[in-house]
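So the sequence lines, in the order shown, correspond to chains A and B. This note's numbering applies: residue 3 is where the first sequence begins, and numbers increase by one. This note's numbering applies: residue 3 is where the second sequence begins, and numbers increase by one. A short worksheet on the structure shown next.
Number of protein chains: 2
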Amino acid sequence: MDRDIRSDVPLGRRMPQATTRIVVADRNVITRVGLRSILERNSGFAVIAEATSYDAVLDAVDEHGPDVLIIDLDLGDDTTRGFKLVEEISDRYPQTKVLVLANTLSEMIVVEALRRGANGYLCKDEVKADELGKGVKAVQDGETVLGKGVGKLVAHSLGSARQANERLTDRELDVIKLVAKGLSNKQIATQMFVSESTVKFHLQNASKKLGAHRRAEIVHRATGAGLL
Amino acid sequence: MDRDIRSDVPLGRRMPQATTRIVVADRNVITRVGLRSILERNSGFAVIAEATSYDAVLDAVDEHGPDVLIIDLDLGDDTTRGFKLVEEISDRYPQTKVLVLANTLSEMIVVEALRRGANGYLCKDEVKADELGKGVKAVQDGETVLGKGVGKLVAHSLGSARQANERLTDRELDVIKLVAKGLSNKQIATQMFVSESTVKFHLQNASKKLGAHRRAEIVHRATGAGLL
DNA sequence: TAACGACCTAGCCAAATGGCTAGGTAACGG
DNA sequence: CCGTTACCTAGCCATTTGGCTAGGTCGTTA
Numbered sequence: 003m004d005r006d007i008r009s010d011v012p013l014g015r016r017m018p019q020a021t022t023r024i025v026v027a028d029r030n031v032i033t034r035v036g037l038r039s040i041l042e043r044n045s046g047f048a049v050i051a052e053a054t055s056y057d058a059v060l061d062a063v064d065e066h067g068p069d070v071l072i073i074d075l076d077l078g079d080d081t082t083r084g085f086k087l088v089e090e091i092s093d094r095y096p097q098t099k100v101l102v103l104a105n106t107l108s109e110m111i112v113v114e115a116l117r118r119g120a121n122g123y124l125c126k127d128e129v130k131a132d133e134l135g136k137g138v139k140a141v142q143d144g145e146t147v148l149g150k151g152v153g154k155l156v157a158h159s160l161g162s163a164r165q166a167n168e169r170l171t172d173r174e175l176d177v178i179k180l181v182a183k184g185l186s187n188k189q190i191a192t193q194m195f196v197s198e199s200t201v202k203f204h205l206q207n208a209s210k211k212l213g214a215h216r217r218a219e220i221v222h223r224a225t226g227a228g229l230l
Numbered sequence: 003m004d005r006d007i008r009s010d011v012p013l014g015r016r017m018p019q020a021t022t023r024i025v026v027a028d029r030n031v032i033t034r035v036g037l038r039s040i041l042e043r044n045s046g047f048a049v050i051a052e053a054t055s056y057d058a059v060l061d062a063v064d065e066h067g068p069d070v071l072i073i074d075l076d077l078g079d080d081t082t083r084g085f086k087l088v089e090e091i092s093d094r095y096p097q098t099k100v101l102v103l104a105n106t107l108s109e110m111i112v113v114e115a116l117r118r119g120a121n122g123y124l125c126k127d128e129v130k131a132d133e134l135g136k137g138v139k140a141v142q143d144g145e146t147v148l149g150k151g152v153g154k155l156v157a158h159s160l161g162s163a164r165q166a167n168e169r170l171t172d173r174e175l176d177v178i179k180l181v182a183k184g185l186s187n188k189q190i191a192t193q194m195f196v197s198e199s200t201v202k203f204h205l206q207n208a209s210k211k212l213g214a215h216r217r218a219e220i221v222h223r224a225t226g227a228g229l230l
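Given below as structure tokens:
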């Protein structure tokens, strides 16, 4: 943990008057412009690049080595891609802090993002203008920033004793997607080239992980968790 | 229809060099700032007020009588409230054009908004910066503006022969919400103080309206339609 | 008044589901 | 080599479901 070094070094000296260099990643123009406006309102922040795709994020971080990456995990169809990206960046570019800025608030997503190395998680609908700057500064200083509602979720996740069991496997997710389309176990089995027993098996496991008891609830929870 | 008058009057004369006066309604600061930035980039647009709640929208429109209201229908917990608001405004303030700016794209929501009097429907993740200004101008001129993906949805809605049957009743929605929570028909019946038969009845009707055959699919579709 | 829509109830039956136990394989890392 | 994880299969049984037909009350609207 290199944030421990900080206590040895006076804060003001490390970056005298430096502006925080930021890359913004969001598929939404309005959000990108808004972020830029809000952040550059107080000097001290400079948005040096914008990205609208997973690849572009990687390129931008690689090229500019920003202090902070503000990213909406949902840059494409593949939700899991966002997580991988966070992991990759916090792995390969530890000097770049990752601040996730999400549309929705889902326990599973928050926890997963933090687990993969995100340094902060804010919710678009929740943040006030001044909190943005503070958040960016904070993650840059090595703190972990959680938005108001986000904190509760994380606490809840720690409280309930499910640590390892909550992640769905690929297969389970496949089955759930077909369930959501209204297929019966038999139909799903046919489509996946497995037996009906296997389908039931995956659904049972998914049920336990999601804390659901009926397929309708499974679909609902998976949707809420952004898995679908 | 007073847009017919337009053909009698040269466009340039009616509003010589006038700036378009806009009210922006969105609970999200970033979006509000972003919109303002993008729109006021070209002079000709002035954001004269912002609102973050349904009541505030009404106040702002009443006070300023803007040319265009740009609104995200999702300003609170109550989804239907947004629709009522659109209806009220297009009823009482016909000179104010309503341009809906939504996060998600759902056939039912688009159709409902337009039915209630919205003059345009754009999707945040879809619009490009220049399209915003054009869209605002267009609705102000009495045109109906639909974003790229939005048009297809509306076409689809017109094509499929379900006009009247697609709207869920309050009761049906109540049942669906409980189904999504994983309750059985019996449990739902108890909670709603009706018989199990009634619950099944509502679900059968909802199934037909949504084109679903299993409760898991009902939940999925209702979610996708933003009803949940 | 009659028609309509939303709401409520009942019963039937085949099919689907949920919840369980009890097996199996293959791949990976300690 | 052993433990773990993901994956696959089988069978049992009570309960739930989907889909149907056939009634009923209200309140609004034509």
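Using N, Cα and C, we set each Cβ at its ideal position, and we do this for glycine too. Every value quoted in this text rests on a predicted model; they were computed, and no experiment measured them.
Determine the DSSP secondary structure at residue 195 of chain B, reduced to helix, strand or coil. coil
For the stretch 61-82 of chain B, which residues have a beta carbon sitting closer than 7 Å to at least one beta carbon of chain A? none
Per DSSP, the bridge partner or partners of residue 53 of chain B: B:27
Under 7 Å Cβ to Cβ from residue 52 of chain A, same chain only, skipping five residues before and after it: list those, please. So the list reads 26, 34, once near-sequence residues are dropped.
Is the Cβ of residue 127 of chain B closer than 8 Å to any Cβ of chain A? yes
On a Cα-Cα basis, can you pick out the residue from A:219, A:156, A:225, A:36 that is closest to residue 131 of chain A? A:36
Under 8 Å by Cβ, that's how I've got residue 212 of chain B and residue 179 of chain B pegged, so tell me the actual separation to the nearest angstrom. Contact flag wrong, Cβ pair sits at about 14 Å.
Integer Cβ distance of residue 184 of chain B from residue 215 of chain A, believed to fall under 8 Å: 5 Å
Helix, strand or coil for residue 48 of chain B, going by three-state DSSP, please let me know. strand
Counting contacts by CB-CB distance shorter than 8 Å, is residue 5 of chain A in contact with chain B? Residue placement at residue 5 of chain A is flagged as unreliable, the pLDDT there being 39, under the threshold of 50; the coordinate-derived value follows with that caveat. No, residue 5 of chain A does not count as interfacial toward chain B.
Taking C-beta pairs closer than 9 Å, name the residues in chain A that residue 111 of chain B reaches, listed in chain order. Within chain A, no residue comes near residue 111 of chain B; the closest Cβ sits about 16 Å away, beyond 9 Å.
For chain B, find out if any of its Cβ atoms is closer than 8 Å to the Cβ of residue 219 of chain A; answer yes or no. Residue-level contact by beta carbon holds for residue 219 of chain A and chain B, with a gap shorter than 8 Å.
Looking at the secondary structure, which residues open and close the alpha helix (DSSP H) in which residue 104 of chain A lies? Taken as a continuous stretch (DSSP letters only), residue 104 of chain A belongs to no alpha helix (DSSP H), being part of the beta strand (DSSP E) at 99-104.
Quick one: is residue 225 of chain A buried, meaning 16 or more other Cβ sit within 10 Å of its Cβ, or exposed? buried
Supposed contact pair residue 221 of chain A and residue 157 of chain A - C-beta distance, whole angstroms, cut 8 Å: Contact flag wrong, Cβ pair sits at about 27 Å.
Bridge partners of residue 22 of chain A, per DSSP? A:47
Pairwise C-alpha distance: residue 92 of chain A and residue 67 of chain A: 12 Å
Using only alpha-carbon positions, find the residue among B:79, B:80, B:146, B:55 that is nearest to residue 73 of chain B. Closest by C-alpha distance to residue 73 of chain B, out of B:79, B:80, B:146, B:55, is B:55.
Can you tell me which of the three DSSP states residue 6 of chain B falls into? Low confidence applies to residue 6 of chain B: its pLDDT is 41, below 50, so where it sits in the model is not reliable, and the reading given next is rough at best. Of the three classes helix, strand and coil, the one that applies to residue 6 of chain B here is helix, per DSSP.
Less than 8 Å between the C-beta atoms of residue 101 of chain B and residue 124 of chain B, yes or no? yes
Do you know offhand how far residue 218 of chain B's Cα is from residue 217 of chain A's? 6 Å
With DSSP as the reference, label residue 60 of chain A as helix, strand or coil. helix
Are the C-beta of residue 59 of chain A and some C-beta of chain B separated by less than 8 Å? no
Beta strand (DSSP E) containing residue 116 of chain B: first to last residue? Residue 116 of chain B -> not in any beta strand (DSSP E); alpha helix (DSSP H) instead, spanning 109-117.
Could you check whether the Cβ of residue 192 of chain A sits closer than 8 Å to any Cβ belonging to chain B? no
Would residue 137 of chain A and residue 147 of chain A qualify as a contact pair, given that the criterion is a beta-carbon distance under 8 Å? yes
Can you tell which of A:76, A:65, A:173 has its C-alpha closest to the C-alpha of residue 23 of chain A? A:65
Express the C-alpha separation of residue 21 of chain B and residue 78 of chain B in angstroms, rounding to a whole number. If you draw a straight line from the Cα of residue 78 of chain B to the Cα of residue 21 of chain B, it comes to about 31 Å.
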